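Engineer: A single structure is presented below for examination.
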Amino acid sequence: MLEQLNLNNLALSVEAEVDFTPGMICITGETGAGKSLVVDALSLVLGAKADANMVRQGEKQLEVNARFSLKNQFKAIKLLDDYGFLEERNSKSSDQKIVSEQANTASDSQAPENHSTGDLISSHDPNLEQVESSEVDTAVVADGQAVGFDSWNMHDDDELLLRRIVTCEGKSKAYINGHPATLTQLREIGQLLVAVHGQHDGVRLMDGKRQLEIVDNFGKLRPLANEVNDAFNRYSKLRHDLTKLAEEQKAGAMTYKQDRYDLEELKRLDFAQGDYEELESMFDRAQHQAQFSYILGNLHAGIELNENSLVAILGKYLSSLDKVKAFDQRIDKIVENVDAAVQNLLEASGLAEDLCTHTLDVSITELEGRMTKAHELARRFSCLPKELYLMAERIENKINNFVSLRKRISDLTEEVKAARADYEAKAQELTKERKLASASLASKIEEKIKVLSLPDAKFDIELSRDEECKPRPSGRDELTFMFSANLGQGLRPLAAVASGGELSRLALAIEVLTASVNSTPTLIFDEIDTGISGRTALSVGELLNELGNYTQVITVTHLPQVAAKAHTQFVVAKYNEAGQVNSTITALNHDGRIEEISRMIGGSTITDTTRQSARELLGFS
Numbered sequence: 038m039l040e041q042l043n044l045n046n047l048a049l050s051v052e053a054e055v056d057f058t059p060g061m062i063c064i065t066g067e068t069g070a071g072k073s074l075v076v077d078a079l080s081l082v083l084g085a086k087a088d089a090n091m092v093r094q095g096e097k098q099l100e101v102n103a104r105f106s107l108k109n110q111f112k113a114i115k116l117l118d119d120y121g122f123l124e125e126r127n128s129k130s131s132d133q134k135i136v137s138e139q140a141n142t143a144s145d146s147q148a149p150e151n152h153s154t155g156d157l158i159s160s161h162d163p164n165l166e167q168v169e170s171s172e173v174d175t176a177v178v179a180d181g182q183a184v185g186f187d188s189w190n191m192h193d194d195d196e197l198l199l200r201r202i203v204t205c206e207g208k209s210k211a212y213i214n215g216h217p218a219t220l221t222q223l224r225e226i227g228q229l230l231v232a233v234h235g236q237h238d239g240v241r242l243m244d245g246k247r248q249l250e251i252v253d254n255f256g257k258l259r260p261l262a263n264e265v266n267d268a269f270n271r272y273s274k275l276r277h278d279l280t281k282l283a284e285e286q287k288a289g290a291m292t293y294k295q296d297r298y299d300l301e302e303l304k305r306l307d308f309a310q311g312d313y314e315e316l317e318s319m320f321d322r323a324q325h326q327a328q329f330s331y332i333l334g335n336l337h338a339g340i341e342l343n344e345n346s347l348v349a350i351l352g353k354y355l356s357s358l359d360k361v362k363a364f365d366q367r368i369d370k371i372v373e374n375v376d377a378a379v380q381n382l383l384e385a386s387g388l389a390e391d392l393c394t395h396t397l398d399v400s401i402t403e404l405e406g407r408m409t410k411a412h413e414l415a416r417r418f419s420c421l422p423k424e425l426y427l428m429a430e431r432i433e434n435k436i437n438n439f440v441s442l443r444k445r446i447s448d449l450t451e452e453v454k455a456a457r458a459d460y461e462a463k464a465q466e467l468t469k470e471r472k473l474a475s476a477s478l479a480s481k482i483e484e485k486i487k488v489l490s491l492p493d494a495k496f497d498i499e500l501s502r503d504e505e506c507k508p509r510p511s512g513r514d515e516l517t518f519m520f521s522a523n524l525g526q527g528l529r530p531l532a533a534v535a536s537g538g539e540l541s542r543l544a545l546a547i548e549v550l551t552a553s554v555n556s557t558p559t560l561i562f563d564e565i566d567t568g569i570s571g572r573t574a575l576s577v578g579e580l581l582n583e584l585g586n587y588t589q590v591i592t593v594t595h596l597p598q599v600a601a602k603a604h605t606q607f608v609v610a611k612y613n614e615a616g617q618v619n620s621t622i623t624a625l626n627h628d629g630r631i632e633e634i635s636r637m638i639g640g641s642t643i644t645d646t647t648r649q650s651a652r653e654l655l656g657f658s
């Protein structure tokens, strides 16, 4: 519920603070005074497009603050929590600080010192008195009974502060609970808290989706409708997955034969990790086998095969050293090292002999053939020869996946059938409940619109089930509002026969009938009573009053019959100060309401007669 609205430099308003109550709230004022100021302010703070022209002339920026109660608004609380805006939710001091700073941040210009909003309006119009806050809380309804709002069970700790700043250059800033926010976030939270209905809002009734939504809300079918939507989404996802698998299978079938052939060729090559590098080494050795054997043979001969070999020469030196080592112990170390050298040379000679006589198991022709095939396949698959084993793994996995597709498609087909059956069952149940809700709602709407100067009007809701169409998130139902305004006219689709005034009255009747299940805590009606008068206007006021028993209703009106039915009334007035036109919003007490209703009845001339008429409308004795 909207609790407070603070305006600074919006249009003609210098500064205003409006405290709102539960029930029906009416905003009145002379033509051109700015009655839609509240609606404009709320639209801004709820994310509407900003215009630099909204800033009061001569000021740098405007600011709007709106404080809402979040009592029982679980969807709004969850959304705020998801966005991380609930950190200071229970800190009233934080909110109050933001509000108290608005004048300093909004503009260098301030309202005249020592004058509250009420003082300003009272000083310029003695007929309008400022009401104390305690008087607003106990406003008197039309039948003279005090309004009891205990059923609202309000809780001061659950509060939300929305803030919007617009500069004279058209730049905009938004805040939620003191944290910077986007306009999208403002709109999302705003949709859960406030619903604005304009004088042309009845046009929405002609939309089939809106009509379906109304029936579902009235019949409390939203949970079941959500189940149908969820069932549709599951069915659609499974269908999508099945389609993808079928496309994958089709694509795989086109390459399956080629993949098998490629895999067979790669397997004949029989490469594992590191095999190509080993093949390269063997091929290089085979190419240089003769040179390889010649060098190793000479090495073997040079070490030990003749009297001039290294081993023979070193043997002679060892014999000579044996003869003199007794004269110096250090010679033992020399003998030891030379002997070790001889042993190493003999070992190297043996290895050279083995390698010289060893031949490869494959011929150079065979090795060259494998190398050529490896390079050919590498070019075909656009990879390196050493990566061919990886290509073989990929192709084999592709073939295995294709082979398994048949089983996967079969299993998924059964899941799709089950999901479709679940959707159809839930959609069938929703159709049954919609028929019951439609019949009840149609009867009640027809009853309500008869008191809105449509005594001969007929209303019905035509519901048909389309079994041939594809499944839809909303179910299989086609729903049409049928209407006839006059005797002798048959029922026809609402869009084809209803006038703007008739649509407005239908919209109001529907809002009243669905109010008890409407989760939106604040409804705003901006001059929806345009074009009506007399008894019809009184009936509209009574319906808005009835609606106020379920939710907070804020209505902008120029009709005294409607204003008289409000639980709380505000007046918007203009005054001149220092050559500038200013606009203020003031809550009216008992006497103030009589004077304002008198003005609405008789115009600028207020007489005892108009005052008496005002008292009668208000139900004051």
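Counted the way our numbering counts, the sequence shown spans residues 38 to 658. We put the beta carbon where it would ideally sit given N, CA and C, even for glycine. Since we're looking at a predicted model, the values are computed, not measured.
So what's Leu707 in DSSP terms, helix, strand or just coil?
Structural biologist: Nothing about residue 707 can be reported from this structure: the residues present for the chain run from 38 to 658 only.
Engineer: Lys108: which of Glu196, Gly525, Val488 sits nearest, CA to CA?
Structural biologist: Reading the sequence shown from its first residue, position 71 is the one you call residue 108. Ranking the options by Cα distance to Lys108, first place goes to Glu196.
Engineer: Per DSSP, Ala610 is paired with what?
Structural biologist: Within the sequence shown, the letter at position 573 stands for residue 610. Answer by DSSP bridge pairing, in chain order: Thr621.
Engineer: With the cut-off set at 7 angstroms, would you say Ala474 and Met243 are in Cβ contact?
Structural biologist: Taking the first residue of the sequence shown as 1, we reach residue 474 at position 437. Taking the first residue of the sequence shown as 1, we reach residue 243 at position 206. Met243 sits away from Ala474, with the two beta carbons spaced by 7 angstroms or more.
Engineer: Taking just the CA atoms, how far does Phe418 sit from Leu351?
Structural biologist: Counted from its first residue, the sequence shown places residue 351 at position 314. Counted from its first residue, the sequence shown places residue 418 at position 381. Distance between the alpha carbons of Leu351 and Phe418: 59 angstroms.
Engineer: Considering only the beta carbon of each residue, do Lys469 and Leu550 sit closer than 7 angstroms?
Structural biologist: Sequence index remark: in the sequence shown, residue 469 carries index 432 (1-based). Sequence index remark: in the sequence shown, residue 550 carries index 513 (1-based). Not closer than 7 angstroms, so no.
Engineer: Below 8 angstroms on the Cβ atoms is my guess for Gln598 versus Leu560; work out the distance and round it to an integer in Å.
Structural biologist: For this step, residue 598 is matched to residue 561 along the sequence shown. For this step, residue 560 is matched to residue 523 along the sequence shown. Gln598 to Leu560, Cβ: 19 angstroms. No contact.
Engineer: Residues bridged to Cys420 by DSSP?
Structural biologist: The residue labelled residue 420 in the question sits at position 383 within the sequence shown. For Cys420, which the question treats as bridged, DSSP gives no partner whatsoever.
Engineer: Return helix, strand or coil for Thr594, following the three-state DSSP convention.
Structural biologist: Position 557 of the sequence shown holds residue 594. Note: Thr594 maps to coil in three-state DSSP.
Engineer: Is it true that the CB of Leu581 sits closer than 7 angstroms to the CB of Met38?
Structural biologist: Here residue 38 is taken as the residue at index 1 of the sequence shown, counted from 1. Here residue 581 is taken as the residue at index 544 of the sequence shown, counted from 1. Between Met38 and Leu581, the CB-CB gap reaches or exceeds 7 angstroms.
Engineer: Short of 7 angstroms in beta carbon distance, which residues of its chain neighbour Leu2, apart from the five on each side in sequence? Order them along the chain.
Structural biologist: In the structure as shown, the chain begins at 38 and stops at 658. Residue 2 is therefore absent and cannot be evaluated.
Engineer: Just reading off the alpha helix (DSSP H) that Ile565 is part of, what are its end residues?
Structural biologist: For the purposes of this step, residue 565 is identified with residue 528 of the sequence shown, where counting begins at 1. Careful: Ile565 lies outside any alpha helix (DSSP H) and carries neither H nor E.
Engineer: What's the call for Ala458, buried or exposed, on a 16-neighbour Cβ count within 10 Å?
Structural biologist: On the sequence shown, residue 458 is found 421 positions in, with the first residue counted as 1. With fewer than 16 Cβ atoms within 10 Å of its Cβ, Ala458 is classed as exposed.
Engineer: Between Ile631 and the rest of its own chain, which residues show a CB-CB distance below 8 angstroms, the 5 nearest in sequence each way excluded?
Structural biologist: Looking up residue 631 in the sequence shown gives position 594. These residues qualify, in order along the chain: Arg648, Ala651, Arg652, Leu655, Phe657.
Engineer: Closest Cβ-Cβ distance between Ala600 and chain B: below 7 angstroms?
Structural biologist: Given the protein chain composition of this structure (a single chain), no chain B is represented.
Engineer: Give me whichever residues DSSP pairs with Arg104 in a beta bridge.
Structural biologist: Along the sequence shown, read from residue 1 onward, the residue named residue 104 stands at position 67. DSSP, once it has assigned bridges, lists Gln41, Leu198 as partnering Arg104.
Engineer: Excluding five sequence neighbours on each side, which residues of the same chain lie with their C-beta closer than 7 angstroms to the C-beta of Lys362?
Structural biologist: In the sequence shown, residue 362 corresponds to position 325, counting from 1. Ile368, Asp369, Val372, listed in sequence order.
Engineer: Since Ala411 and Tyr313 are thought to touch, with beta carbons under 8 angstroms apart, how far apart are those beta carbons, to the nearest angstrom?
Structural biologist: As a working note, residue 411 is residue 374 in the sequence shown. As a working note, residue 313 is residue 276 in the sequence shown. At roughly 6 angstroms, the Cβ-Cβ gap stays under 8 angstroms, so Ala411 and Tyr313 are in contact.
Engineer: Which residue marks the beginning of the alpha helix (DSSP H) containing Glu653, and which one marks its end?
Structural biologist: Looking up residue 653 in the sequence shown gives position 616. Where Glu653 is concerned, the enclosing alpha helix (DSSP H) stretches over 645-655.
Engineer: Evaluate Met428 with the Cβ neighbour count: other Cβ atoms within 10 Å of its Cβ, from every protein chain shown; 16 or more gives buried, anything less gives exposed.
Structural biologist: Here residue 428 is taken as the residue at index 391 of the sequence shown, counted from 1. Residue environment analysis places Met428 among the buried positions, since at least 16 neighbouring C-beta atoms fall within 10 angstroms of its C-beta.
Engineer: Just to confirm the assignment: which complete alpha helix (DSSP H) runs, minimum length 4, are found wholly within the segment 349-414?
Structural biologist: 367-394
Engineer: Tell me where the beta strand (DSSP E) around Met61 begins and ends.
Structural biologist: Locating residue 61 in the sequence shown gives position 24, where the first residue counts as 1. If you look at Met61, you'll find it in the beta strand (DSSP E) that goes 61-66.
Engineer: Straight-line CA distance for Leu216 to Tyr612?
Structural biologist: Here residue 216 refers to the residue found at position 179 when the sequence shown is read from its first residue. Here residue 612 refers to the residue found at position 575 when the sequence shown is read from its first residue. Looking at the sequence shown, residue 216 is not Leu but His. Between His216 and Tyr612, the C-alpha separation is close to 36 angstroms.
Engineer: Threshold first: 4 residues or longer. Then list the alpha helix (DSSP H) segments lying entirely within the segment 238-308, N to C.
Structural biologist: Every alpha helix (DSSP H) of 4 residues or more that sits fully in the segment 238-308 is shown, in chain order, as 245-255, 259-306.
Engineer: Check whether the Cβ atoms of Leu382 and Leu421 lie closer than 7 angstroms to each other.
Structural biologist: Position 345 of the sequence shown holds residue 382. Position 384 of the sequence shown holds residue 421. Cβ atoms of Leu382 and Leu421: not closer than 7 angstroms.
Engineer: Assuming Met428 is part of the alpha helix (DSSP H), what are its boundary residues?
Structural biologist: For the purposes of this step, residue 428 is taken as residue 391 along the sequence shown, with counting starting at 1. Note, Met428: alpha helix (DSSP H), 425-487.
Engineer: What is the residue span of the beta strand (DSSP E) that Ser490 lies within?
Structural biologist: Here residue 490 corresponds to residue number 453 of the sequence shown, with the count starting at 1. From DSSP, Ser490 is part of no beta strand (DSSP E); its letter is neither H nor E.
Engineer: Go through its chain and collect everything with a Cβ distance to Gln182's Cβ below 7 angstroms, but skip five positions before and after it.
Structural biologist: Position 145 of the sequence shown, counting from 1, holds the residue named residue 182. Residue confidence is low: Gln182 scores 33 on pLDDT, short of 50, so the model does not pin down where it sits. Its coordinate-derived value is still stated next. Taken in chain order, the list of residues that qualify is empty.
Engineer: At what residues does the alpha helix (DSSP H) containing Phe111 begin and finish?
Structural biologist: Translated into positions along the sequence shown, residue 111 becomes position 74. Residues 111-120.
Engineer: In the DSSP assignment, find the beta strand (DSSP E) that holds Arg636 and state where it starts and stops.
Structural biologist: Position 599 of the sequence shown holds residue 636. First-last for Arg636: 627-639, but that is the alpha helix (DSSP H), not the beta strand (DSSP E).
Engineer: What does the Cβ neighbour count give for Lys360, buried or exposed, with the cut at 16 atoms within 10 Å?
Structural biologist: Taking the sequence shown and counting its residues from 1, the one referred to as residue 360 is at position 323. Looking at its Cβ environment, which holds fewer than 16 other Cβ atoms inside 10 Å, Lys360 is exposed.
Engineer: Should Met291 go down as buried or exposed, given a rule of 16 or more other Cβ atoms within 10 Å for buried?
Structural biologist: Sequence index remark: in the sequence shown, residue 291 carries index 254 (1-based). The residue in question, Met291, is exposed, as its Cβ has fewer than 16 Cβ neighbours within 10 Å.
Engineer: Per DSSP, Lys495 is paired with what?
Structural biologist: Numbered from 1 along the sequence shown, position 458 holds the residue referred to as residue 495. Looking at the DSSP assignment, Lys495 forms a beta bridge with Ser521.
Engineer: Who are the Cβ neighbours of Arg276 in its own chain at under 7 angstroms, not counting the five residues just before and after it?
Structural biologist: In the sequence shown, the residue the question calls residue 276 occupies position 239. Correct list, in chain order: Val453.
Engineer: Compare the Cα-Cα distances from Ala574 to each of Glu466, Lys602, Val590 and report the closest residue.
Structural biologist: Walking along the sequence shown from the start, residue 574 turns up at place 537. Selected option, being the one with the closest Cα: Lys602.
Engineer: Rank Glu302, His337, Val488, Val101 by C-alpha distance to the C-alpha of Leu414 and give the top, closest one.
Structural biologist: Along the sequence shown, one-based indexing puts residue 414 at 377. With distances taken between Cα atoms, Leu414 lies closest to Glu302.
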